[in-house]
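Visitor: Okay, here's the structure, questions in a sec.
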Amino acid sequence: MNVMIVDDEATVRKILHRQVRRLGHTARSAENGREALDAFEVEPADVVITDVRMPVMDGLELLKEIRERSPQTIVIVITGAGSVEYAAEALRLGAHNYLDKPFKFAQIRQLLDKCQQLVEDLSLRQECELRVTHREVSLVLENERRLVPAAAGYLLAQIGQRLPEPDRMGLLLGLVELLNNAIEHGNLGIGSGEKERALDAGGDAFELLFGERLANPELAGRRVLVELTMDTETARWTIRDEGTGFDWESVVSNFDPNALLKPCGRGVFLSRMQFDELEYRGCGNEVCAVKKLNGEGR
Numbered sequence: 121m122n123v124m125i126v127d128d129e130a131t132v133r134k135i136l137h138r139q140v141r142r143l144g145h146t147a148r149s150a151e152n153g154r155e156a157l158d159a160f161e162v163e164p165a166d167v168v169i170t171d172v173r174m175p176v177m178d179g180l181e182l183l184k185e186i187r188e189r190s191p192q193t194i195v196i197v198i199t200g201a202g203s204v205e206y207a208a209e210a211l212r213l214g215a216h217n218y219l220d221k222p223f224k225f226a227q228i229r230q231l232l233d234k235c236q237q238l239v240e241d242l243s244l245r246q247e248c249e250l251r252v253t254h255r256e257v258s259l260v261l262e263n264e265r266r267l268v269p270a271a272a273g274y275l276l277a278q279i280g281q282r283l284p285e286p287d288r289m290g291l292l293l294g295l296v297e298l299l300n301n302a303i304e305h306g307n308l309g310i311g312s313g314e315k316e317r318a319l320d321a322g323g324d325a326f327e328l329l330f331g332e333r334l335a336n337p338e339l340a341g342r343r344v345l346v347e348l349t350m351d352t353e354t355a356r357w358t359i360r361d362e363g364t365g366f367d368w369e370s371v372v373s374n375f376d377p378n379a380l381l382k383p384c385g386r387g388v389f390l391s392r393m394q395f396d397e398l399e400y401r402g403c404g405n406e407v408c409a410v411k412k413l414n415g416e417g418r
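FYI, in the working numbering the residues of the sequence shown are 121 to 418.
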């Protein structure tokens, strides 16, 4: 996977360059948005990791230019103390995810693993076709994270050409977040604090935690149920897990950019940036995400 790193601090570029290469990806660096855009026009990148506040051309302008040239490119913004408001604005403008400072290798690996699946594993969509139960469209998903990007892609593909190309990657990543939340936090009952501690521990700590929950027959037998209904104006995805739910009201009501730096509610925050409506129901084990198809949405 081709990754471009954009930051005006040489130390930051060096750290990210080394970590990206360590994960087996190709890495290129630029010290501002203009330099990055010039390089991008010569050779586009699959993923762009960019700071927001930079001289010459900042990350917001770079994001706008990349979205116009290559809507399928995944853009990840760097967040940290003093840049949370800028990062939140980047997400509103179409950035797909964010990376916290100080950098943690486990977080970088998790982000790039998700990106690689979205970029390369399109063949898994055929496997998801077997999980379609009827053509409304309904889909039953087991607790297999490797199938999540493919399932999200399949669900998005049902809309056809009614969705503008620049919106597709954002919605794809939004669906991935909601499906991962349904599996990890819903069906397997992994709390946000547990996940954060496992990622902080590094190594295979999170994989071990995930495996422990799957080893529980009661949890492993749970499924994620997805229903897509679409008309000429809207697409509506209803995602329901079989977990016990969560205090969604406290998370949804806290629409604060500082949520970017908190372990709880990140997936909800990111998904709200991509959909026109996001509504949790009941105990919190069902969410309905709506996208307007008539050009009046975000």
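Every residue, glycine too, gets a C-beta built ideally from N, C-alpha and C.
Shortest alpha-carbon distance to Leu413 belongs to which of Cys248, Gln278, Ala156, Arg141?
Guide: Of Cys248, Gln278, Ala156, Arg141, the residue nearest in Cα terms is Gln278.
Visitor: Per DSSP, which one or two residues make a beta bridge with Val410?
Guide: DSSP lists Arg356, Glu397 as partners of Val410.
Visitor: Within its chain, find whatever has a CB closer than 8 Å to the CB of Gly311; leave out the 5 residues flanking it on each side and keep chain order.
Guide: So the qualifying residues of the chain are His305.
Visitor: Just grab the DSSP bridge partners of Leu345 for me.
Guide: Val260, Arg360.
Visitor: So, under 8 Å CB-CB, Ala318 and Phe326 are touching, yes? Tell me the CB distance rounded to an integer number of Å.
Guide: About 4 Å separates the two Cβ atoms, so the contact holds.
Visitor: Report yes if the CB atom of Arg342 is closer than 8 Å to the CB atom of Thr349, and no otherwise.
Guide: Not a contact, by the Cβ cut-off of 8 Å.
Visitor: For Leu242, count the other beta carbons within 10 Å of its own beta carbon; 16 or more makes it buried, fewer makes it exposed. Which is it?
Guide: At Leu242 the pLDDT is 48, less than 50, meaning the model places this residue with poor confidence; the figure from the coordinates comes in the next sentence. Exposed, by the Cβ-count rule.
Visitor: Is Ser312 helix, strand or coil when you go by DSSP?
Guide: Helix, per DSSP.
Visitor: Beta strand (DSSP E) containing Val167: first to last residue?
Guide: 167-170 is the extent of the beta strand (DSSP E) around Val167.
Visitor: Can you say whether Gly280 is buried or exposed, counting buried as having 16 or more other CB atoms within 10 angstroms of its CB?
Guide: With fewer than 16 other Cβ atoms within 10 Å, it is exposed.
Visitor: Just reading off the alpha helix (DSSP H) that Ala335 is part of, what are its end residues?
Guide: Looking at the DSSP string, Ala335 is not in any alpha helix (DSSP H), and its letter there is neither H nor E.
Visitor: What does the alpha-carbon distance come out to for the pair Leu267 and Cys248?
Guide: Between Leu267 and Cys248, the C-alpha separation is close to 7 Å.
Visitor: Can you check which of these residues, Ile228, Met174, Gly404, is closest to Glu151 by C-alpha distance?
Guide: The shortest Cα separation from Glu151 among Ile228, Met174, Gly404 belongs to Met174.
Visitor: Using three-state DSSP, classify Asn122 as helix, strand or coil.
Guide: If DSSP states are grouped into helix, strand and coil, Asn122 belongs with the strands.
Visitor: Sorted by chain position, which residues of the same chain lie with C-beta nearer than 6 Å to Thr146's C-beta, five sequence neighbours on each side aside?
Guide: Only Asn122 meet the Cβ criterion.
Visitor: How big is the Cα-Cα spacing for Leu398 and Phe389?
Guide: Computed Cα separation, rounded: 10 Å.
Visitor: Which word fits Cys235, buried or exposed, when buried means at least 16 other C-beta atoms lie within 10 angstroms of its C-beta?
Guide: With 16 or more other Cβ atoms within 10 Å, it is buried.
Visitor: Can you check which of these residues, Arg142, Leu293, Met124, Val204, is closest to Leu275 by C-alpha distance?
Guide: The shortest Cα separation from Leu275 among Arg142, Leu293, Met124, Val204 belongs to Leu293.
Visitor: Among Asp287, Ile186, Asn307, Trp368, whose alpha-carbon lies nearest the alpha-carbon of Asp396?
Guide: That would be Asp287, whose Cα lies nearest to the Cα of Asp396.
Visitor: Measure the CB-CB distance between Asp320 and Lys224 and report whether it falls below 8 Å.
Guide: Yes, these two residues count as a Cβ contact at 8 Å.
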